[in-house]
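The opening position of the sequence shown corresponds to residue 579 in this note's numbering, with each subsequent residue numbered one higher.
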Amino acid sequence: MTMASMAENTKQPTAAEKADKPNPAEGVKLGSNYLRGSISEELIDGNDHFGKASIALLKHHGTYQQDNRDERGQDGKVFSFMVRTAVPGGKLSSAQLLAELDLCDEVGNTTLRITARQGLQLHGVLKSNLKHAIGRINEVQLTTLAACGDVERNVMCSPCPYRADPVYDQMQELAKRLAVHLRPHTRAYHELWVTDQQTGDKWQAGGGANGQEIEPLYGPSYLPRKFKTAIGLPGDNSADVYSNDLGLLAVCENWSIVGYNVLVGGGFGVTPSAKKTFPAIGQPLCFVSPTQAVDVATSIIKVQRDFGNRSDRKVARMKYLIHNWGLARFKQKVEEYFGAALPPPRLITVHGFNDGMGWHEQGDGRWFYGLNVENGRIKDEGSFRLKSALRAIGGELAPPLRLTPHQSILFCDLTKQDRPRLEEILQLHGVPLSEEITQVRRWAMACPALPTCGLAITESERVLPGMIDQLEVELERLGLGDEVFTTRMTGCPNGCSRPYNSDIGLVGKTVGKYTIFLGGRRLGDRLNFIYKDLVPEKEVVPVLARVFAYFKDDRRQGETFGDFCDRVGKDDLLTHCDG
Ligand code: HEM
Ligand code: SF4
């Protein structure tokens, strides 16, 4: 080595060089040979956990290494894995759900969770059981591929199976096409998880189907960060399109989709210590025809792939690229990649949200029933035996299913005769019907947080039901029990249950304390604002009850809670309700 090159090696990087230096996660992806790394060696090394690089790669295979936070510090960490299944549009069969329920008993923590992005999560899977769990999921034609990681995640879609209104099926068809088109092509997934040890055959659910080694869309380092896509209707924004990197809002004429408004740059992850981070809702970019939608989506992802920030993961989501460039420059680049000018978005706004709860006619002589699942957690606990009820329904009626973006489930294609039997099975297992649940509980959701999530600062799923109990009492007292508003809680600012566009957002800030956000709404098209910070857990409901009392007295006719808070604003709310 020459003196000059030694000096070169020891020279401190300038600020500009530092800013451009790819972050370590980029090196891990690039050096992994398309998501292989040393996962296969580490799978059989006898340890109960993986090394840092494999942990990052494993996310792309649909699993997060976690440790039980309740048991931390006793005898070292107790490691296990969350295994997430991506279910495009939330569509799955009863047989598929039954297989996941079996897995949660065989290798999980005996519960299964419906996620806020229409997926399924197993928790508590030991490393020694990972291969079995992921293999079994593929056996029933589901996949965990790309359920996490720096790739297109589960494609969401308004889930209701209305057959008389073809737009619902048209959206689902696009969700499927997008999911297949944007899936990683690496064969690593099949090699690792779904090779039949006896025959060497590979099951065909996700990844590697065309046998290519290379990734035509993603390239060797995939995307700078995760990428989320959702499809919705102006009359049904249940997929929360504005909270996604890419939202497709259908433009309908004569009961058919003539195209989509493309919304870009939504995303909710925030790091409070980093001022440069912020939640954002998507902005309309252009209009696309149904046949162009996949190509335009691909062009948008390519722009993020090539120009998104690969140095600083905190600002690597597409919302920051759009913030830095401005929408006009971003659009120009997308047009360059797409190869044609894109027409401006149509003038449409969202005006409805259908969570599908209760009984609905599908329009083909059959019915679907939406069952509210509190925080998406499927379990048997005491007299509440939802897991057993789902087994009974799956075994006897075997309806096709849809998972909803509000962590709930739709039983589809039921006949008139099936209706009383479905209700009977639920009641026999102590599961409240959706009609028996208060509005506040129906429209609330929490992220998992403690004990599984490594990033949780506060409780979320374990405390929200108790807070809702208290809120129910307050709302009843005020005569506001029928009000419809969304309450969304998270155990840290990352925003997994989408708390930044809801009527009420409760975000874990420090141990036992929450930031209260107000002024969003169920339609999901507006960010809320910080009403109060660092509110102790016990104070959350009393603080909210004072705002509800003011709302009761001063609301305009028909005004929703979120619209009221947004209209009067933070200062006025504090003047009237603080103290
Ligand atoms: C820096 C940002 C984020 C990180 C590092 C992160 C990480 C995680 C982790 C570790 C889990 C697993 C928790 C468990 O099951 O124990 C999780 C769950 C989840 N995350 Fe995130 N997350 C982030 C932001 C978001 C955002 C912005 C959304 C959607 C708007 C989201 C959607 C979800 C969903 C749907 C789940 C499944 C559980 C549920 O339904 O709440 N995440 N996330
Ligand atoms: S919001 Fe935070 S605590 Fe909740 S699941 Fe996401 S990362 Fe974990």
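Don't be surprised by glycine CBs; every beta carbon is placed ideally from N, CA and C. For clarity, every value in this text was computed on a predicted model and none was experimentally measured.
Between which two residues does the beta strand (DSSP E) containing residue i stretch?
i, result
"residue 1135", "Residue 1135 -> no beta strand (DSSP E), and no H or E assigned at all."
"residue 885", "Element bounds for residue 885: not the beta strand (DSSP E) but the alpha helix (DSSP H), 871-885."
"residue 1114", "1107-1114"
"residue 1075", "No beta strand (DSSP E) contains residue 1075, which DSSP labels as neither H nor E."
"residue 691", "690-692"
"residue 658", "657-663"
"residue 1067", "1065-1068"
"residue 1024", "1022-1024"
Just to check my reading of the structure: residue i and residue j have Cβ atoms closer than 8 Å, yes? What is that Cβ distance to the nearest angstrom?
i, j, result
"residue 829", "residue 987", "With 8 Å as the limit, residue 829 and residue 987 do not qualify as a contact, their Cβ atoms being about 29 Å apart."
"residue 922", "residue 647", "Residue 922 to residue 647, Cβ: 48 Å. No contact."
"residue 859", "residue 676", "The pair is not a contact, with the Cβ atoms about 37 Å apart (cut-off 8 Å)."
"residue 985", "residue 693", "7 Å"
"residue 1085", "residue 1064", "Their Cβ separation, rounded to whole angstroms, is 14 Å, which puts residue 1085 and residue 1064 out of contact at 8 Å."
"residue 1024", "residue 1080", "The pair is not a contact, with the Cβ atoms about 11 Å apart (cut-off 8 Å)."
"residue 1020", "residue 1012", "7 Å"
"residue 1155", "residue 1124", "4 Å"
"residue 1027", "residue 1039", "6 Å"
"residue 1097", "residue 1078", "So it is not a contact: roughly 11 Å between Cβ atoms."
"residue 742", "residue 941", "2 Å"
"residue 928", "residue 812", "5 Å"
Can you look up residue i in the DSSP assignment and give me helix, strand or coil?
i, result
"residue 1145", "helix"
"residue 834", "strand"
"residue 650", "coil"
"residue 1096", "strand"
"residue 614", "coil"
"residue 642", "strand"
"residue 1037", "coil"
"residue 845", "strand"
"residue 588", "Note that residue 588 has pLDDT 46, beneath the 50 cutoff, so the model's placement of it is unreliable and the number below is only indicative. Helix at residue 588."
"residue 535", "Coverage of the chain is limited to positions 579 through 1157, which leaves residue 535 absent and any answer about it impossible."
"residue 1154", "helix"
"residue 861", "strand"
"residue 793", "coil"
"residue 947", "strand"
"residue 825", "strand"
"residue 738", "coil"
"residue 938", "strand"
"residue 814", "strand"
"residue 958", "strand"
"residue 708", "helix"
"residue 979", "strand"
"residue 1003", "helix"
"residue 809", "strand"
"residue 953", "helix"
"residue 716", "helix"
"residue 839", "strand"
"residue 866", "strand"
"residue 787", "With a pLDDT of only 46 at residue 787, under the threshold of 50, the placement of this residue in the model should not be trusted, and no figure is reported."
"residue 1130", "helix"
Which residues bound the alpha helix (DSSP H) around residue i?
i, result
"residue 915", "905-916"
"residue 1047", "1042-1056"
"residue 1087", "Taken as a continuous stretch (DSSP letters only), residue 1087 belongs to no alpha helix (DSSP H), being part of the beta strand (DSSP E) at 1082-1088."
"residue 1184", "A query on residue 1184 cannot be resolved here, the shown segment of the chain reaching from 579 to 1157 and no further."
"residue 703", "Segment 698-703 is the beta strand (DSSP E) holding residue 703; no alpha helix (DSSP H) there."
"residue 731", "It is not in any alpha helix (DSSP H) - residue 731 carries neither H nor E in the DSSP assignment."
"residue 967", "964-974"
"residue 677", "672-684"
"residue 608", "602-608"
"residue 1200", "Residue 1200 is absent from the model: the chain starts at 579 and stops at 1157."
With 8 Å as the threshold, decide whether the Cβ of residue i is near any Cβ in chain C.
i, result
"residue 1110", "Of the protein chains in the structure, only one exists, and it is not chain C."
Problem - Any 3 or more C-beta pairs closer than 8 Å across the stretch 940-958 and the stretch 884-900 - result: no
Handout entry: Contact the stretch 1108-1115 vs the stretch 720-736: 3+ CB pairs below 8 Å
Key = no
Handout entry: Segment contact flag, the stretch 762-770 with the stretch 837-845, C-beta cutoff 8 Å, min 3 pairs
Key = no
Handout entry: Touch test, the stretch 615-634 against the stretch 688-697, Cβ-Cβ under 8 Å, three pairs minimum
Key = no
Exercise for the section: Mind the definition here: the stretch 996-1007 touches the stretch 1047-1060 only if three or more C-beta pairs lie below 8 Å; say whether that holds. Expected result: Verdict: no, contact absent.
Handout entry: Touching by the beta-carbon criterion (3+ pairs, under 8 Å), the stretch 799-806 and the stretch 854-870
Key = no
Practice task
Report yes or no: do three or more beta-carbon pairs, one from the stretch 706-715 and one from the stretch 748-757, lie closer than 8 Å?
Solution key: At 8 Å Cβ cutoff, the stretches do not touch.
Problem - Segment contact flag, the stretch 900-920 with the stretch 938-948, C-beta cutoff 8 Å, min 3 pairs - result: no
Practice task
Decide yes or no for the touch test of the stretch 1038-1050 against the stretch 660-670: beta carbon pairs closer than 8 Å, at least 3 of them.
Solution key: no
Practice task
Taking 8 Å as the threshold, find out whether the stretch 870-880 comes into contact with the stretch 1119-1127 through three or more Cβ pairs.
Solution key: no
Practice task
Please determine if the stretch 807-826 and the stretch 1089-1106 are in contact, where contact requires at least 3 C-beta pairs separated by less than 8 Å.
Solution key: yes
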